[in-house]
Amino acid sequence: MNDTEPAATPARVAAPSAPPVVQMQAITKLFPGLVANDAVDFDLRAGEVHALLGENGAGKSTLMNVLTGIYHAEAGQIMMNGQPVRFGSPESAIAAGIGMVHQHFKLVRAFTVAENIHLGWHETPKLVSPALLESRTAELAERFNLAVRPSARVEDLSAGEQQRVEILRVLARGARVLILDEPTAVLTPREAGELFKALRGFTARGYSVIFISHKLDEVMEISDRITVLRAGRNVATLPAASTNAVELATLMVGRELHPPQATGVGERKLGNIVLQLAGVAALDDRGLKALTDVDLALHEGEIVGVAGVAGNGQRELTEVLTGIRDVIEGQVRIGGHVMSGADPLAFLDAGIGHIPEDRLRSGLAPAMPVATNAVLREYRAAPIARGPFYLPAAAMALARRIVADSAVLVPSMRMPVRNLSGGNQQRLVARREMRVATRALVAAYPTRGLDVGAIETMLRYIVEMRDRGVAVLLISEELEDLIGIADRIVVLFKGRIIGGFTAAEADPERIGLLMGGRVAEADALATQPTVS
Amino acid sequence: MFRIQRIPSISPLAILSSRVIAVVSALVVGGIVYSLRGFDVFDLGANVIDSSFGSEFGVQDLGLLFSPLILTGLATAITLRIGLWNIGGEGQFYLGAVFATAIGLFVQGPDWLILILMFIGGFVGGMLWILVPALARAYLQTDEIITTLLLNFVAMLLVYFLCTGPWRDPHDTVTSATARVKAEMPYLFGDLHWGLIIALLLAVLVAAMLAYTKWGYEVRLAGSNRFAAFYAGVPVRRRLIQVMLLSGGVAGIGGMLEVAGTVHHLQGGMSNNFGYLGILVAVVAGGAPIAVPAAALLMAVILNGGIVLQSYGVSTYEVLALTGLILFFVAISEQLAYYRISRPPALKAGAGA
Ligand SMILES: Nc1ncnc2c1ncn2[C@@H]1O[C@H](COP(=O)(O)OP(=O)(O)OP(=O)(O)O)[C@@H](O)[C@H]1O
Ligand SMILES: [Mg+2]
């Protein structure tokens with residue numbers, strides 16, 4: 171299934187005679203009721219970044235799990251440097267030089283960075299002390315040019331730092347092939363830039379990278395070749411230089427895409443205030459102040475975008491707005507009524523939906539069936555409940571409906587939700603929350619992990635909700651998306667709201683400066699006469 | 168070349184068959200060792216089966232071990248559903264017995280009324296004994312494994328104190344026990360009382376509550392991911408406390424039935440380690456209340472069989488070794504059930520592994 175370039179020919183690379191570092195031939199991987207990979211050919215050359223693209227559930231993560239020995243293919247074979255190989259486990263894959271950083275990080279959250287680096291590694295000395303592990307880790311960090319803090323606990327790290335630890339863990343074990351599954355989904359643009367720099371250094375040494383992402387511009391920037399999967403099949407493998415984002419999107423989806431239009435921005439009359447923060451301060455999980463003096467009002471029928479670099483209080487902001495976190499100062503009001511204490515149920519009853527930023531930790535019970543997770547917000551009332559009773563058949567029916575509405579392919583509602591692809595989990599959570607958000611939706615990075623088509627659909631849904639009179643708070647790092655659909659944009663920096671714009675006056679450059687906390691420069695920009 | 172592969176989820180049938188295979192393999196291994204020691208294994212086995220199921224007395228003895236094991240097993244299994252371990256079934260069993268005895272000895276009334284009061288008393292006694300660990304768990308995140316375990320020893324000493332001190336039957340000079348509790352559980356046949364039916368019904372009731380009530384949904388959700396449950400609006404703390412209280416109460420009913428149906432007075436050591444064995448029952452049942460009766464029956468046969476074996480000259484240690492072997496195999500099978508051995512498609516020796 172390779173229209174553009176026969177994968178078996180190791181052509182047009184620096185060393186044409188050398189066989190590919192990795193060659194996967196006609197890989198087929200089946201799950202009950204589903205073909206996740208269908209006779210996929212894929213090859214990786216020395217020193218290249220090879221991107222893997224495809225819609226949610228196309229089989230990207232599965233293909234890489236086959237390569238690293240987590241799954242075993244029903245058919246096909248894998249060669250490394252021309253020799254057939256077969257890995258029984260990720261450990262044997264890494265021993266052969268193939269390491270993977272997963273979509274959902276697999277670090278032990280309660281352990282330090284140094285402990286995580288040394289966990290389950292045969293080179294870890296038999297007798298260890300924290301000091302020894304930390305100095306070894308510092309050495310490794312220096313060697314691979316990845317800044318990590320050896321003594322810090324993983325749970326206290328930002329997503330970008332955790333990812334560097336994951337990468338270091340793999341490189342330390344001698345990986346020559348690095349697989350990154352949606353590495354930039356949780357990174358700030360700056361962190362993504364640092365990652366790309368590290369990757370270039372890596373390929374310069376002749377090592378290779380497989381890079382999975384839904385962000386086409388990134389893919390165009392970093393990769394040498396691109397393979398597109400659709401419904402488990404390889405539909406194309408192309409050199410990045412000879413393609414463009416539009417062609418790639420069309421290949422992935424099988425049709426052309428239209429970006430959502432901003433509808434009626436600016437002209438509309440605002441409704442009543444639905445959800446309001448007045449002088450709110452709140453602490454984070456470590457007891458440090460995460461929000462300070464936040465005033466924010468969400469009106470019926472408006473989308474308020476929150477711009478800001480991740481880790482500036484976004485998590486806490488969504489949590490105080492949905493009753494998960496208590497405030498230490500100020501008030502949270504729903505329709506003028508002051509809410510007391512953390513009580514998620516009261517917020518749910520008031521018609522407030524919540525797409526949390528960390529779906530696997532707080533939005534889903536990964537080990538429980540799809541059906542159980544789908545009814546998480548609606549099990550209290552008919553048709554799922556009758557009096558004190560819970561009706562599994564009704565839960566199943568609702569789950570089928572939500573799954574169908576979110577266009578997710580799920581062979582069985584009894585399957586644990588963790589078996590869904592990352593993007594499909596996100597779709598499920600989003601759809602579930604939109605159903606209960608009759609008055610307000612608090613959405614943290616709702617498009618994270620979604621493919622381009624699904625992002626389009628998601629943004630359209632959000633606009634439709636707004637048009638129905640729902641108040642939406644949209645947290646995103648994609649400034650373009652925010653400016654495209656938000657009626658108002660506020661900027662969050664170090665737990666404070668340091669700027670507010672209407673859609674008409676939103677200027678990416680000014681917002682960008684504010685996101686970095688550079689208020690004075692942003693103000694200077696504002697006073698210049700606008701030429702429009 | 169064969170490959171071993173871990174699969175992420177398996178069917179209930181696979182779990183069940185893995186248990187059966189485990190028990191059979193343990194018996195085979197144990198049988199080989201016993202025959203090396205010179206026992207006639209098949210003769211022994213036939214005797215165990217015959218004395219457990221072959222006579223009315225055997226079935227009675229089995230039934231009297233079976234019912235308390237269901238209840239203590241259920242007690243631990245319930246807490247496992249919300250991700251906690253009640254290790255204190257032993258203590259709650261004793262407290263249920265203490266409350267039931269107090270009512271039986273000191274309250275006057277028709278037997279049926281006394282029995283109902285004893286039943287309630289047993290439930291309340293067990294609940295009270297786990298109340299402090301439950302509150303400590305919910306509000307202070309104190310490890311319930313330690314607190315419930317420690318209270319076992321306190322309960323044991325309390326029972327010894329009552330039996331040798333204030334409640335001691337002055338007419339009984341041989342054993343330290345209270346006077347006989349007059350009210351008796353009605354009997355199914357022989358010595359086997361209705362406690363067995365109550366225990367079985369409770370197991371079914373608890374399983375149904377977990378599967379078919381909103382409360383049960385919330386408990387399962389909180390047991391699977393506490394953050395998600397809180398996010399969904401489940402009052403997680405309240406559920407933790409309720410589940411622990413229910414668990415203690417169920418173990419307490421075990422103690423009440425033991426007093427009212429089997430022993431008829433309070434006595435030191437009367438728990439027969441049922442509380443601890445219940446933990447094993449819950450583990451063998453994989454934490455599923457509906458599977459507890461089957462696991463409890465297995466345990467009862469093992470215990471009963473052990474008594475029979477001893478009467479045939481097998482030492483206590485050899486009996487214990489066989490018991491341990493069975494549980495060991497079951498525990499391993501639980502993990503092994505997730506692995507499959509498969510033959511790769513034709514391929515020359517791989518470099519991996
Ligand atoms: N362990 C599993 N059991 C059953 N089905 C699975 C399992 N793992 C993956 N799948 C299914 O295989 C398909 C491909 O999933 P995969 O995770 O490879 O998608 P993906 O391309 O990585 O998507 P995304 O962009 O959303 O991460 C999905 O439909 C998924 O539900
Ligand atoms: Mg994926």
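As given, the protein sequences belong to chains X and R, one line each in that order.
Mapping to this note's numbering: the first sequence position 103 is 273, numbers consecutive.
Mapping to this note's numbering: the second sequence position 32 is 199, numbers consecutive.
C-beta atoms are modelled at their ideal positions from N, C-alpha and C, and glycine is treated no differently.
**Study point:** Beta-carbon gap between residue 392/X and residue 214/X smaller than 8 Å
**Key:** Contact annotation: residue 392/X and residue 214/X have beta-carbon atoms that are not nearer than 8 Å.
Check your understanding: How close, in whole Å, do the beta carbons of residue 454/R and residue 244/R come, if the pair is a contact with beta carbons under 8 Å?
Key -> Yes, residue 454/R and residue 244/R are in contact; Cβ-Cβ is about 5 Å, under 8 Å.
**Study point:** Whether residue 347/X touches residue 378/X by CB criterion (8 Å)
**Key:** The Cβ-Cβ distance between residue 347/X and residue 378/X falls below 8 Å.
Exercise for review: Can you have a look at residue 458/R and say buried or exposed, based on whether 16 or more other CB atoms are within 10 angstroms of its CB?
Suggested key: buried
Practice item. May I ask you to list the residues that DSSP assigns as paired with residue 439/R? Key: Residue 439/R pairs with nothing; no bridge assigned.
**Study point:** Start and end residues, beta strand (DSSP E) containing residue 791/X
**Key:** In the structure displayed, chain X extends from 171 to 702; residue 791/X sits before or after that span and is not available.
Check your understanding: Can a CB atom of chain X be found closer than 8 Å to the CB of residue 397/R?
Key -> Interface residue, yes.
Practice item. Below 6 Å CB to CB, which residues in the same chain sit around residue 130/X once its five sequence neighbours on both sides are set aside? Key: This structure gives no information on residue 130/X, because the portion of chain X shown stretches from 171 to 702.
Review point. Which of the three DSSP states, helix, strand or coil, is assigned to residue 605/X?
Key: helix
Practice item. Spell out whether any CB of chain B is found under 8 Å from the CB atom of residue 538/X. Key: Although the question refers to chain B, the structure presented lacks it and instead comprises the protein chains X and R.
Review point. Does the Cβ of residue 296/X lie closer than 7 Å to at least one heavy atom of ligand 2?
Key: no
Check your understanding: Which whole-angstrom value describes the C-beta separation of residue 238/X and residue 349/X, a residue pair presumed to lie in contact below a C-beta threshold of 8 Å?
Key -> Contact holds; Cβ gap of about 7 Å.
Exercise for review: For the region 502-522 of chain X, enumerate the residues whose C-beta is nearer than 7 Å to any C-beta of chain R, in chain order.
Suggested key: Here the close residues are 514, 515 and 518.
Practice item. Taking only heavy atoms of ligand 2 into account, decide whether any of them is closer than 7 Å to the Cβ of residue 273/X. Key: yes
Point to revise | Residue-level contact to chain X via CB, residue 380/R, 8 Å cutoff | key: yes
Practice item. Establish whether the CB of residue 505/R and some CB of chain X are separated by less than 8 Å. Key: Chain X, which has no Cβ nearer than 8 Å to the Cβ of residue 505/R, makes this no.
**Study point:** Residue-level contact to chain R via CB, residue 494/X, 8 Å cutoff
**Key:** yes
Practice item. Report yes if the C-beta of residue 592/X is less than 7 Å from at least one heavy atom of ligand 2; otherwise report no. Key: yes
Check your understanding: Quick one: is the Cβ of residue 579/X within less than 7 Å of any heavy atom of ligand 1?
Key -> yes
Practice item. Evaluate residue 253/X with the Cβ neighbour count: other Cβ atoms within 10 Å of its Cβ, from every protein chain shown; 16 or more gives buried, anything less gives exposed. Key: exposed
Practice item. Please state if the CB of residue 389/R and the CB of residue 406/R are separated by a distance shorter than 8 Å. Key: yes
Review point. Is residue 154/X buried or exposed, if buried means 16 or more other CB atoms sit within 10 Å of its CB?
Key: Since the first residue shown for chain X is 171 and the last is 702, residue 154/X is missing from the structure and cannot be characterised.
Practice item. Spell out whether any CB of chain R is found under 8 Å from the CB atom of residue 532/X. Key: yes
**Study point:** Chain-ordered neighbours of residue 391/R on chain X, where CB pairs are closer than 7 Å
**Key:** Within chain X, the residues near residue 391/R are 535, 537 and 538.
Review point. What do you reckon, is the C-beta of residue 383/X under 7 Å from a heavy atom of ligand 2?
Key: no
Review point. Quick one: does the C-beta of residue 576/X sit closer than 7 Å to a heavy atom of ligand 2?
Key: no
Review point. If we cut at 8 Å on Cβ distances, does residue 394/R have a partner in chain X?
Key: yes
Practice item. Mind listing, in chain order, the continuous alpha helix (DSSP H) runs of no fewer than 4 residues lying wholly within the region 455-497 of chain X? Key: 484-491
Review point. Given that residue 549/X touches chain R, what residues does it touch there, using C-beta distances under 9 Å?
Key: 381, 384, 385, 388 and 399
Exercise for review: Answer with yes or no whether the minimum CB distance from residue 456/R to chain X is below 8 Å.
Suggested key: Answer no: the Cβ-Cβ gap between residue 456/R and chain X never drops below 8 Å.
Exercise for review: Determine contact between the region 507-523 of chain X and the region 616-626 of chain X, defined as no fewer than three beta-carbon pairs at a distance below 8 Å.
Suggested key: no
Practice item. Check the Cβ of residue 559/X against every Cβ in chain R and list those closer than 8 Å, keeping chain order. Key: 379, 380 and 381
Exercise for review: Can you have a look at residue 541/R and say buried or exposed, based on whether 16 or more other CB atoms are within 10 angstroms of its CB?
Suggested key: Here chain R comprises residues numbered 168 to 520, so residue 541/R is not present and cannot be evaluated.
Check your understanding: Does the count of Cβ pairs from the region 304-311 of chain R and the region 439-446 of chain R closer than 8 Å reach three?
Key -> no
Practice item. Within 10 angstroms of the Cβ of residue 602/X, are there 16 or more other Cβ atoms? Answer buried if so, exposed if not. Key: By the Cβ-count criterion, residue 602/X is buried, with 16 or more other Cβ atoms from all chains shown falling within 10 Å of its own Cβ.
Review point. Is residue 404/X near ligand 1, going by C-beta to nearest heavy atom under 7 Å?
Key: no
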